[in-house]
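> Numbering (the working numbering), first residue to last: 9 to 176.
Ideal Cβ positions, reconstructed from N, Cα and C, are used throughout, including at glycine.
Quantities reported herein were computed from a predicted structural model and do not represent experimental measurements.
Please see the structure below; I have some questions.
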Amino acid sequence: MAKVGIVMGSDSDMPVMAKAADILDKLGISYEMTIISAHREPDIFFEYAKSAEEKGFKVIIAGAGMAAHLPGMCAAIFPMPVIGIPMHTTSLGGRDSLYSIVQMPSGIPVATVAINGGMNAGLLAAKILATSDAELLAKLKDYSENMKQEVQAKDQKLQEVGYKNYTK
C-alpha cells in the first residue's frame, strides 16, 4: 500500500515530480504517481482525492503550474497533509503557481516548497511520515549526516587545492 500520493496536472511536470519520487525511493517509501487534471477531468480528480485516504496515503505531494488548483483542491478533500510544488511557468516564472498554492483560504492549509522543489517535497513527506516511524527517522538522520560529510569533503578539497584549482 502506497504511503504517498504524487499527483501532477501534466506530464510536463514530470522532471520536477520525479525528484520527489527519487528521494522517496532512496528512503524506501512507497508511493503512487498519477497525472490528473483538476480542470480537464474534475470527476476523475475528485475520485482520486476522495479515495486517497482509503488507498493508504498519509501525504499527497501535488505539483501544479499557473492557476495551481491541484494542491489546494487535494487539501480541500484529503484530510491529511498536502505538499504543494509550484511549477516554473514561462509567463510569470512560477510566482503565479507559488501564490496560488500559499494563499489558500483559512482552514485549507497546503505545505509549500520552492518553485520546482520536488526533492524537498519528497523530503518533507518523509519527515511527516517519520514522526511515527523510527526506522524512517533513522534513515533521515543518515541522509543529513551524508550531506554534512559531502560539504566537509568539498571544504577539505578547497583547503588542499585552493580556489583557483578547485574546479580543475
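#1: Within a Cβ cutoff of 8 Å, which residues of the same chain sit near ASP19, ignoring the five residues on either side of it in sequence?
#2: Output the boundary residues of the beta strand (DSSP E) element that contains TYR1.
#3: Jot down the residue ranges of each uninterrupted alpha helix (DSSP H) in the stretch 117-171, minimum 4 residues, whole runs only, in chain order.
#4: Please state whether the Cβ-Cβ distance between ALA28 and GLY130 is less than 8 Å.
#5: Put GLY102 into one of helix, strand or coil per three-state DSSP.
#6: Among TYR56, LYS165, ASP104, PRO50, which residue has its Cα nearest to the Cα of ALA75?
#7: List the whole-angstrom C-beta distance separating GLY64 from ALA10, where the pair is believed to meet the contact cut-off of C-beta under 8 Å.
#8: Just how far apart, CA to CA, sit SER112 and TYR151?
#9: May I have the straight-line CA-CA distance separating ALA133 from TYR56, to the nearest angstrom?
#10: If we call anything under 8 Å between Cβ atoms a contact, is ASN128 one with VAL121?
#11: Pick from LYS176, ASP30, ASP33, ALA46: whose alpha carbon is nearest that of GLY17?
#12: Does ALA75 come out as helix, strand or coil in the three-state DSSP assignment?
#13: Suppose you measure from the CA of VAL169 to the CA of ASN124; what does that come to, to the nearest Å?
#14: For MET7, tell me which candidate among ASP30, SER140, ASP51, TYR171 has the shortest Cα-Cα distance.
#15: Alpha carbon to alpha carbon, how far is THR97 from SER140? Give it in angstroms, no decimals.
Here's the rundown:
#1: Taking the sequence shown and counting its residues from 1, one reaches residue 19 at position 11. Around ASP19: ILE43.
#2: One cannot answer for residue 1 here, as it falls past the ends of the chain, which runs 9 to 176.
#3: 126-138, 142-169
#4: By one-based count along the sequence shown, residue 28 stands at place 20. By one-based count along the sequence shown, residue 130 stands at place 122. A contact, by the Cβ cut-off of 8 Å.
#5: In the sequence shown, counting from the first residue as 1, residue 102 sits at position 94. Looking at GLY102 - three-state DSSP - the assignment turns out to be coil, as it is neither helix nor strand.
#6: Taking the sequence shown and counting its residues from 1, the one referred to as residue 75 is at position 67. For the residues TYR56, LYS165, ASP104, PRO50, the minimum Cα distance to ALA75 belongs to ASP104.
#7: Counted from its first residue, the sequence shown places residue 64 at position 56. Counted from its first residue, the sequence shown places residue 10 at position 2. Yes, they are in contact, since the Cβ atoms of GLY64 and ALA10 sit about 6 Å apart, within 8 Å.
#8: For the purposes of this step, residue 112 is taken as residue 104 along the sequence shown, with counting starting at 1. For the purposes of this step, residue 151 is taken as residue 143 along the sequence shown, with counting starting at 1. One point to set straight first is that residue 112 is Met, not Ser, in the sequence displayed. Those two C-alpha atoms are separated by around 32 Å.
#9: In the sequence shown, the residue the question calls residue 133 occupies position 125. In the sequence shown, the residue the question calls residue 56 occupies position 48. Near 19 Å, if we compare the C-alpha coordinates of TYR56 and ALA133.
#10: Locating residue 128 in the sequence shown gives position 120, counting from the first residue. Locating residue 121 in the sequence shown gives position 113, counting from the first residue. Yes, the pair counts as a contact, with Cβ atoms nearer than the cut-off.
#11: For the purposes of this step, residue 17 is taken as residue 9 along the sequence shown, with counting starting at 1. Considering only alpha carbons, the answer is ALA46.
#12: On the sequence shown, position 67 is the one that residue 75 refers to. Here ALA75 sits in coil by DSSP.
#13: Locating residue 169 in the sequence shown gives position 161, counting from the first residue. Locating residue 124 in the sequence shown gives position 116, counting from the first residue. C-alpha separation (whole angstroms): 34 Å.
#14: Outside the modelled stretch of the chain, which goes from 9 to 176, sits residue 7, for which no answer is possible.
#15: Mapped onto the sequence shown, residue 140 falls at position 132. Mapped onto the sequence shown, residue 97 falls at position 89. Going by the C-alpha atoms only, they are around 36 Å apart.
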